[in-house]
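Notes follow the structure.
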Amino acid sequence: MTDAPPPARTSAPRGDGDDARHFALLAHRLGGCTTLAEVHEAAVVAGRDLLGVDVAAVARIEQDDWQVLAAEPTDELPAAEESLKDGEAVRALVRRRETWLSAPGDDPARPRPALAAPVVVNGDLWGVLCAVRDERAPAFTPDDAARGEVLGALLGAHVARLDLAEQVRHLVSDDALTGLSTRRVADEAAQAAIDSGDETCIVMCDVDGLKRVNDELGHDAGDELLRSVAGVLRRAGTGLPGSTVARIGGDEFCIVSSGIPRTTVVQVMDATVGDSALPFGASLSYGIASSARGSLGAAPTPRSLFRRADAAQYHAKRSHAAARARQYRADDPGAVLGRTVSAAVTALSGTGPAPLSRLCALASATTEAMGGSGWSVQREDGGGSLVVARGGTASLHVSGMRQLELRRAPWTVTVESTLPDDRTVSTTLQTLLSLAVLGAS
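Numbering-wise (numbering that gives the first Met the number 0), the sequence shown opens with residue 0 and increments by one.
Next up, the structure:
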């Protein structure tokens, strides 16, 4: 004696009121879903009952290709995939956006009745809701097709809802220019880090030279500079696992870390910023504050940490030029010149082919390496010379500081240096200028 096969599932006869109640219940369930996976699951479970089928599935369609995202029951995924193997039928559904029905006698290779209803999201075909019955079950009817289309419409509406929610989250949480997080996300990360009880560090960063770049080279160049800064800070964030990197606004950025000692944060920032030359001769000042015991005295808050980090960043910016000049005057001239060559080559290798960008990078890197602060780039224009870029603040009042002019037509680059007036120095700098110009061509 053998077991009789289970009866085939079919849609039970129901009135309009039954359908309305089932669809209302499905709409309520879909409204409570917070992820696409939950929406897919609710749709296939309801589709199996409403259509009286053995298998219900949701598939995504992109450029005539498809991928099954969910099936009920889950072990019937192959049956759902089999129902979509008629490429011509799928293409026709894409073109006409009409429900496709397959009867048992239509194709010997697929003896099971099948249905595929379009799922439209924001006016575009997003995918299909497909259903498969046992081969002993009757073919799908126009009423089944109508139910499938209503199911597809409900599914599409809630996919669109979650898609819109994700877009809003992106607008609120991500900076449009750099792709970094926003101040709101940084504040939330700082509060969560402090609440965890682990050491929390905040790094406040400020771009030195953004206003000059915007004024002299245009806002497109300024945007390029900000994206470069974002890239540098992303690399620093990679060295601080679990950290949040954000653009606060304008030329201000921050990093929030949790569970990482301040000494490690300092090492990562020093190494990353030191190895990353910014375009147009710009630089990055930063300050770090920690919640570790003794760092702040009172119990730390996000606001107090941001304030301390901002003050440290401001102090670093103001003391940078003077400390650099003192350091390089005390060093051996040969060592300073060697560092100058290394800094110039690093800056040029990280800059694109535009001549002005390369000359700004060269001027900034060599001036800083030689203990100076101010620099400029001029271009011959007809009968005169026009300053097209300038950086830093002239510091000729500092003892031992002098200006050097480097020329290669049509460009003149003026840099500051604490090095002695030496032919080796001028020859080396002139060679670096030639390297910058030739690299641009």
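Backbone N, C-alpha and C fix where the C-beta goes; we use that ideal spot for every residue, glycine too.
Cutting at 7 Å between CB atoms, please list the residues of its own chain near residue 232, excluding the five before and the five after it. Close CB contacts of residue 232 within its chain, under the 7 Å cut and outside five residues either way in sequence, are with 204, 244, 252, 254 (chain order).
By Cβ distance below 6 Å, which residues in the same chain neighbour residue 277 in space, the five residues on each side in sequence not counted? Non-local C-beta neighbours of residue 277 in its own chain, meaning closer than 6 Å and more than five positions away in sequence, comprise 227, ordered along the chain.
Excluding five sequence neighbours on each side, which residues of the same chain lie with their C-beta closer than 7 Å to the C-beta of residue 356? Same-chain partners within the cutoff: 278, 279, 350.
Straight-line CA distance for residue 339 to residue 287? Cα-Cα distance, rounded: 28 Å.
Figure out for me which residue from 369, 364, 388, 368 has the closest Cα to the Cα of residue 375. Minimum Cα distance to residue 375 is reached at 388.
The alpha helix (DSSP H) spanning residue 274 covers which residue range? DSSP places residue 274 in no alpha helix (DSSP H); its state is neither H nor E.
Hey, quick one: how far does the alpha helix (DSSP H) through residue 333 stretch, first residue to last? For residue 333, the uninterrupted alpha helix (DSSP H) segment begins and ends at 332–348.
With distances taken between CB atoms, is the gap from residue 519 to residue 372 smaller than 8 Å? With the chain covering 0 to 440 only, the question about residue 519 has no answer from this structure.
How is residue 419 classed by DSSP in three states: helix, strand or coil? Reduced to three states, the DSSP call for residue 419 is coil.
What residue range is occupied by the uninterrupted alpha helix (DSSP H) comprising residue 221? Here the alpha helix (DSSP H) through residue 221 covers 218–237.
In this structure, does DSSP put residue 356 in helix, strand or coil? Three-state result, residue 356: helix.
For residue 335 and residue 281, the rounded distance between their alpha carbons: One C-alpha to the other measures close to 21 Å.
For residue 186, which residues of its own chain have a beta-carbon under 7 Å away from its beta-carbon, when the five flanking residues on both sides are left out? Short of 7 Å from the beta carbon of residue 186, and not among the five residues preceding or following it, lie these beta carbons of its own chain, in chain order: 301.
Where residue 26 and residue 153 are concerned, what is the direct C-alpha to C-alpha distance, given to the nearest angstrom? C-alpha separation (whole angstroms): 7 Å.
Beta-carbon proximity check, residue 248 vs residue 182, cutoff 8 Å: Yes, these two residues count as a Cβ contact at 8 Å.
So for residue 29, helix, strand or coil by DSSP? Residue state, collapsed to three classes: helix.
Do the stretch 263–270 and the stretch 214–227 meet, that is, are 3 or more Cβ pairs less than 8 Å apart? Output reads no: the stretch 214–227 does not touch the stretch 263–270.
Report all residues from its chain with a CB closer than 6 Å to the CB of residue 139; omit the five preceding and five following residues, and keep chain order. Same-chain partners within the cutoff: 100, 112, 114.
What does the alpha-carbon distance come out to for the pair residue 234 and residue 256? The straight-line gap from Cα to Cα measures roughly 14 Å.
Using alpha carbons as the reference points, say which of 311, 209, 419, 180 lies closest to residue 242. When C-alpha distances from residue 242 are compared across 311, 209, 419, 180, the shortest belongs to 180.
Helix, strand or coil: which one does DSSP assign to residue 146? In the three-state DSSP reduction, residue 146 falls in the helix class (H, G or I).
Helix or strand or just coil, what does DSSP make of residue 195? Taken through DSSP and simplified to helix, strand or coil, residue 195 comes out as helix.
Start-to-end residues for the alpha helix (DSSP H) that takes in residue 47: Looking at the DSSP string, the run of the alpha helix (DSSP H) that includes residue 47 is 35–50.
Kindly indicate the opening and closing residues of the beta strand (DSSP E) around residue 179. It is not in any beta strand (DSSP E) - residue 179 carries neither H nor E in the DSSP assignment.
Residue range of the unbroken beta strand (DSSP E) whose run includes residue 139: Here residue 139 belongs to no beta strand (DSSP E), and DSSP marks it neither H nor E.
Nearest-angstrom Cα separation, counted from residue 102 out to residue 456: Outside the shown range of the chain (0 to 440) lies residue 456, about which nothing can therefore be said.
Tell me, to the nearest whole angstrom, how far the beta carbon of residue 135 is from that of residue 50; I am working on the premise that it is less than 8 Å. Residue 50 and residue 135 do not touch by the CB rule: their CB atoms are close to 16 Å apart, not below 8 Å.
Enclosing beta strand (DSSP E) for residue 380 [first to last residue]: Looking at the DSSP string, the run of the beta strand (DSSP E) that includes residue 380 is 374–380.
Taking just the CA atoms, how far does residue 313 sit from residue 332? When rounded, the distance between both Cα atoms is 30 Å.
What residues are listed by DSSP as bridge partners for residue 201? Its beta-bridge partners are 255, 288.
Using the Cα positions of residue 18 and residue 166, report the straight-line distance between them to the nearest angstrom. Each residue's alpha carbon lies about 33 Å from the other.
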